[in-house]
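Each residue of the sequence shown is one higher than the one before, counting from 11 in the working numbering.
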Amino acid sequence: MELNKTNVDEERNLADDFKEKSIKARRDVVTTRHPHYYYLVDFHTMTLQRSVLFIALLVLSCAFLVVAQRTTVDIAFKGKSIEVKGSITADDASKEGAEISLAMTGLDPSVKYNYHIHNLAVAGSNCNSTGDHYDPQKVNTPPSASYACKANKAKETCEGGDLSGRFGAVQGKATASLRFTHPQLKLADIIGRSIVVHGANKARLACGNILAPGPAKKSDPAKKADPAKKADPAAKADPAKKDAPAAKADPAKKDAPAKKDAPAAKADPAKKADTAKKDAPQKKALAPVRRRRNTWIDRVR
């Protein structure tokens, strides 16, 4: 059987042409039309509106991921002589560290104030229950609550929780607003610990717990309604008052209307006889009709 040389040549030409186009598409996938499977996303098959929408969603998702990684926690300070408010914002996935913000009011300009992160949380309102300085690098061994790095020493020699040693103490101000970034702090490592503000002679003037992020606090169970304040059972209706229905109208009085109706209830025998006579002719006249109707029904059946 002879092969058609023309068909064989056409098939070879088509195969060579396809191979050349495939190689060219792989080299220059942007300017050359190409099979869809060469791209993860093929913008050539999209309309202009779909392309713009896809890019917008991609940008928004990336921005959301960046924002969602940053977490801010509050510091609940307790103090009598000074007032302190603070917060910590950090991104544990970033190398920048934690950003700490502190605002102090009621300060004595003549006093030097130091502030540190301590290992333990505040128990009640006792700032002395916070333990030693937070020192994850173990710069000071054994741990101490009185150690402070000197100004002439490198910051690497400071404890991780010695914030005033790294970023400067507060002095000569009645109010202070501090904001700094600690490169060695991670939010997950300091949640549940505390920050203490020291005054003259290292006295602990204010302290606050670093709270965990989460939903709003639930209401204090102690503030719920006191069960003792519920309605007193003794204050309910007096059972003696339930007998009031007995004091209603005398049943003997109820029979009075019945007596009035008694004459109407009596039937005159003479009248009954007259009405019976009047109805008699009507009944006789209807009787033949009923008979005829019944007879006609019987015939139909």
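C-beta: ideal position from N, C-alpha, C; glycine also.
Three-state secondary structure assigned by DSSP to aspartate 26
Of the three classes helix, strand and coil, the one that applies to aspartate 26 here is helix, per DSSP.
Who are the near neighbours of tyrosine 144 in its chain, counting only those whose CB is closer than 8 Å to its CB and skipping five residues on each side?
His126, Ile127, His128, Asn129, Glu169, Gly170, Gly171, Ile200 and Arg203.
Would you be able to state if there are at least three C-beta pairs under 8 Å between the stretch 202-216 and the stretch 140-158?
Contact between the stretch 140-158 and the stretch 202-216 is present, because at least three Cβ pairs lie under 8 Å.
Helix, strand or coil for glycine 175? Go by DSSP, reduced to three states.
Note: glycine 175 maps to helix in three-state DSSP.
Taking aspartate 84 as part of the beta strand (DSSP E), name the residues at either end of that continuous run.
Judged by DSSP secondary structure, aspartate 84 falls within the beta strand (DSSP E) whose first and last residues are 81-89.
Do you know whose CA, among Thr185, Glu166 and Ala184, lies nearest phenylalanine 177's CA?
Ranking the options by Cα distance to phenylalanine 177, first place goes to Glu166.
Per DSSP, the bridge partner or partners of glutamate 93:
Note: glutamate 93 sits in a beta bridge opposite Thr115.
Which residues mark the beginning and the end of the beta strand (DSSP E) in which alanine 186 is found?
For alanine 186, the uninterrupted beta strand (DSSP E) segment begins and ends at 185-192.
Suppose contacts are defined by Cβ-Cβ distances below 8 Å. Is alanine 113 in contact with serine 174 by that definition?
Going by C-beta atoms, alanine 113 is not nearer than 8 Å to serine 174.
Straight-line CA distance for cysteine 137 to serine 156?
Their Cα atoms are separated by approximately 14 Å.
With 16 other Cβ atoms within 10 Å as the buried cut-off, status of threonine 140:
With 16 or more Cβ atoms within 10 Å of its Cβ, threonine 140 is classed as buried.
Cα-Cα separation, isoleucine 65 to aspartate 101
Taking the straight line from one Cα to the other gives about 26 Å.
Can you list, in chain order, the residues of its chain with a C-beta nearer than 6 Å to that of glycine 182? Leave out the 5 residues immediately preceding and following it.
Cβ contact annotation for glycine 182 (same chain, cutoff 6 Å, sequence separation greater than five): Pro119, in chain order.
To the nearest angstrom, how far is the alpha carbon of threonine 185 from that of lysine 148?
Distance between the alpha carbons of threonine 185 and lysine 148: 33 Å.
Here's the rule: buried if 16 or more other CB atoms are within 10 angstroms of the residue's CB, otherwise exposed. What is proline 96?
In the sequence as displayed, the identity of residue 96 is glycine instead of proline. Taking every protein chain shown into account, the CB of glycine 96 has 16 or more other CB atoms within 10 angstroms, so this residue is buried.
Host beta strand (DSSP E) of alanine 216 (start-end)
214-220 is the span of the beta strand (DSSP E), which, as asked, contains alanine 216.
Going by DSSP in three states, asparagine 136 sits in which element: helix, strand or coil?
In the displayed model, asparagine 136 falls within a strand according to three-state DSSP.
Can you tell me which residues form a DSSP beta bridge with valine 121?
BP columns for valine 121 are empty, so no partner.
Is phenylalanine 28 buried or exposed, if buried means 16 or more other CB atoms sit within 10 Å of its CB?
With fewer than 16 Cβ atoms within 10 Å of its Cβ, phenylalanine 28 is classed as exposed.
Do the CB positions of alanine 133 and histidine 192 come within less than 8 Å of each other?
No. Outside cutoff.
Which word fits leucine 117, buried or exposed, when buried means at least 16 other C-beta atoms lie within 10 angstroms of its C-beta?
Around the Cβ of leucine 117, a 10 Å sphere holds 16 or more other Cβ atoms; the residue is buried.
Given glycine 218 as reference, the closest of Arg189, Lys88, Pro152 and Asn124 once Cα atoms are compared:
From the listed residues Arg189, Lys88, Pro152 and Asn124, the smallest Cα separation to glycine 218 is found for Lys88.
Quick one: using the 10 Å Cβ neighbour count with 16 as the cut-off for buried, is alanine 254 buried or exposed?
Unreliable positioning characterises alanine 254 in this predicted model, as indicated by a pLDDT of 45, which lies under 50. The coordinate reading is nonetheless provided below. Alanine 254 is exposed by the Cβ-count criterion.
Report the rounded CA-to-CA distance for alanine 86 versus leucine 68, giving the unit in angstroms.
Roughly 38 Å between the two C-alpha positions.
Please name the residue in Lys122, Thr115 and Leu221 whose C-alpha comes closest to that of valine 180.
Residue Lys122 is the option with its Cα nearest to valine 180.
Let me know if arginine 22 comes out buried or exposed under the rule of 16 or more other beta-carbons within 10 Å of its beta-carbon.
Exposed: under 16 other Cβ atoms inside 10 Å.
Straight-line Cα distance separating alanine 222 from isoleucine 110:
Going by the C-alpha atoms only, they are around 15 Å apart.
For asparagine 150, which residues of its own chain have a beta-carbon under 7 Å away from its beta-carbon, when the five flanking residues on both sides are left out?
Same-chain partners within the cutoff: Tyr157 and Glu169.
Quick one: is arginine 214 buried, meaning 16 or more other Cβ sit within 10 Å of its Cβ, or exposed?
The residue in question, arginine 214, is buried, as its Cβ has 16 or more Cβ neighbours within 10 Å.
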